[in-house]
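Residue numbers (full-length UniProt numbering): 1 to 306. Notes for the one structure printed next.
Right, here's the structure in full:
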């Protein structure tokens with residue numbers, strides 16, 4: 001329905017008056033809601049809880065503030081200047097606080113200043129975080145490494161625990177891969193990064209096929225959340241996918257790898273009931289990935305004590 005000129009002018013005056021009232025009152029309603037939410041969030045920090053819902057609430061509040069600003073019809077320069085003052089005084093400190101709580105929502109330490117990246121490479125970034133244990137403790141610096149290829153909302157990669165059924169026996173499909181940082185071969189589970197838009201399960205099946213040549217017959221399970229690999233120095237995380245492989249199936253009779261040019265990988269089949277003994281026998285020759293060793297120890301513990 002078409003509006004008259006008078007109605008349009010009335011709406012404009014209403015918007016202008018609304019902004020002027022916000023100049024005078026400082027938008028007390030929204031500020032009170034923000035302060036209450038911040039108080040609840042800080043209480044959660046003290047109790048050691050992750051305040052994910054508070055983060056979402058803060059983001060919504062920031063969005064509503066920005067939308068209200070966009071709706072204002074500016075009539076003179078003084079109002080634009082007032083907006084800049086309002087942004088500098090209210091919104092920018094809020095966004096700075098929002099950035100901190102998103103990155104360190106459950107951190108028991110006092111973050112001294114905004115974290116900064118001191119190195120930015122093709123695949124990795126290095127970050128410095130300055131913090132104090134409490135207000136009276138000395139300032140310290142924590143250095144950490146971060147991938148730059150995967151969003152924070154999902155794990156970086158996937159490890160595949162594959163059980164091969166062949167000739168009425170069960171084997172774990174492992175790999176020996178040359179790792180430049182370790183300057184030697186490493187015994188690992190098949191693994192790799194998750195591509196953009198790819199599910200954890202799909203990435204696991206793809207990596208298993210590329211690195212070992214085997215095609216999974218059945219997905220048994222997939223872990224939830226994100227499992228950190230070395231949380232003291234990096235935020236790199238993975239999920240585990242457990243699969244079964246029918247070694248007698250035609251597609252798995254003669255498995256062929258599809259490796260990248262920088263990959264040197266040897267496929268290793270280990271009988272499930274002797275995984276720990278195999279790991280212990282080769283650990284002097286190759287580096288054994290910690291999760292492989294831990295998995296072998298867990299299996300041995302379960303067999304003897306549970």
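Even glycine gets a Cβ: it sits at the ideal position worked out from N, Cα and C.
(Q) Let me make sure I understand the geometry here. Which of 263, 272, 165 and 195 has the alpha-carbon closest to that of residue 186? (A) Taking the first residue of the chain shown as 1, we reach residue 186 at position 186. With distances taken between Cα atoms, residue 186 lies closest to 263.
Q) Excluding five sequence neighbours on each side, which residues of the same chain lie with their C-beta closer than 6 Å to the C-beta of residue 184? A) Within the chain shown, the letter at position 184 stands for residue 184. Closer than 6 Å at Cβ, skipping near neighbours: 287.
**Q.** Those runs of the alpha helix (DSSP H) which lie wholly inside the stretch 110 to 183 and span at least 4 residues
**A.** List check, alpha helix (DSSP H) in window: nothing returned.
Q. Considering only the beta carbon of each residue, do residue 275 and residue 296 sit closer than 7 Å?
A. Walking along the chain shown from the start, residue 275 turns up at place 275. Walking along the chain shown from the start, residue 296 turns up at place 296. Yes; because the gap between Cβ atoms is below 7 Å, this pair is in contact.
Q. How long is the line joining the alpha carbons of residue 171 and residue 199, rounded to whole angstroms?
A. For the purposes of this step, residue 171 is taken as the residue at position 171 of the chain shown. For the purposes of this step, residue 199 is taken as the residue at position 199 of the chain shown. Cα to Cα, the separation comes out at about 26 Å.
Q. Which whole-angstrom value describes the C-beta separation of residue 160 and residue 220, a residue pair presumed to lie in contact below a C-beta threshold of 8 Å?
A. Counting from 1 along the chain shown, the entry for residue 160 is found at position 160. Counting from 1 along the chain shown, the entry for residue 220 is found at position 220. With 8 Å as the limit, residue 160 and residue 220 do not qualify as a contact, their Cβ atoms being about 11 Å apart.
Q.
Nearest by alpha-carbon distance to residue 279: which of 169, 136, 174 and 108 is it?
A. Here residue 279 is taken as the residue at index 279 of the chain shown, counted from 1. The candidate whose alpha carbon is nearest that of residue 279 is 174.
Q) Is there contact here, the stretch 128 to 140 with the stretch 216 to 232, by at least three beta-carbon pairs under 8 Å? A) no
Q: For residue 247, count neighbouring Cβ atoms within 10 angstroms of its own Cβ and tell me buried if that reaches 16, exposed if not.
A: Here residue 247 refers to the residue found at position 247 when the chain shown is read from its first residue. Buried is the call here.
(Q) Contact between the stretch 138 to 149 and the stretch 238 to 246 is defined here as three or more beta-carbon pairs at a separation below 8 Å; is this criterion met? (A) Contact check between the stretch 138 to 149 and the stretch 238 to 246: fewer than three CB pairs, one atom from each, fall below 8 Å, which does not count as touching.
**Q.** Boundaries (first-last residue) of the beta strand (DSSP E) holding residue 220
**A.** Taking the first residue of the chain shown as 1, we reach residue 220 at position 220. Element bounds for residue 220: 218 to 222.
**Q.** Start and end residues, alpha helix (DSSP H) containing residue 280
**A.** Residue mapping note: residue 280 aligns to position 280 of the chain shown, counting from 1. Taken as a continuous stretch (DSSP letters only), the alpha helix (DSSP H) holding residue 280 covers 275 to 282.
Q: Tell whether a beta-carbon distance below 7 Å holds between residue 193 and residue 157.
A: Against the chain shown, residue 193 aligns to sequence position 193. Against the chain shown, residue 157 aligns to sequence position 157. For residue 193 and residue 157, yes; Cβs fall inside 7 Å.
Q) What did DSSP end up calling residue 185 once you bin it into helix, strand or coil? A) Walking along the chain shown from the start, residue 185 turns up at place 185. DSSP places residue 185 in strand when its eight states are reduced to three.
Q | Integer-rounded CB distance, given that residue 257 should sit under 8 Å from residue 213 | A | Start at 1 with the first residue of the chain shown, and residue 213 comes out as number 213. Start at 1 with the first residue of the chain shown, and residue 257 comes out as number 257. 5 Å between Cβ atoms; contact.
**Q.** Limits of the unbroken beta strand (DSSP E) element including residue 239
**A.** Walking along the chain shown from the start, residue 239 turns up at place 239. Judged by DSSP secondary structure, residue 239 falls within the beta strand (DSSP E) whose first and last residues are 237 to 246.
Q: Check residue 192 in the structure and name its three-state DSSP category.
A: Stepping through the chain shown from its first residue, residue 192 is reached at position 192. In this structure, DSSP gives residue 192 an extended state, which the three-state scheme calls strand.
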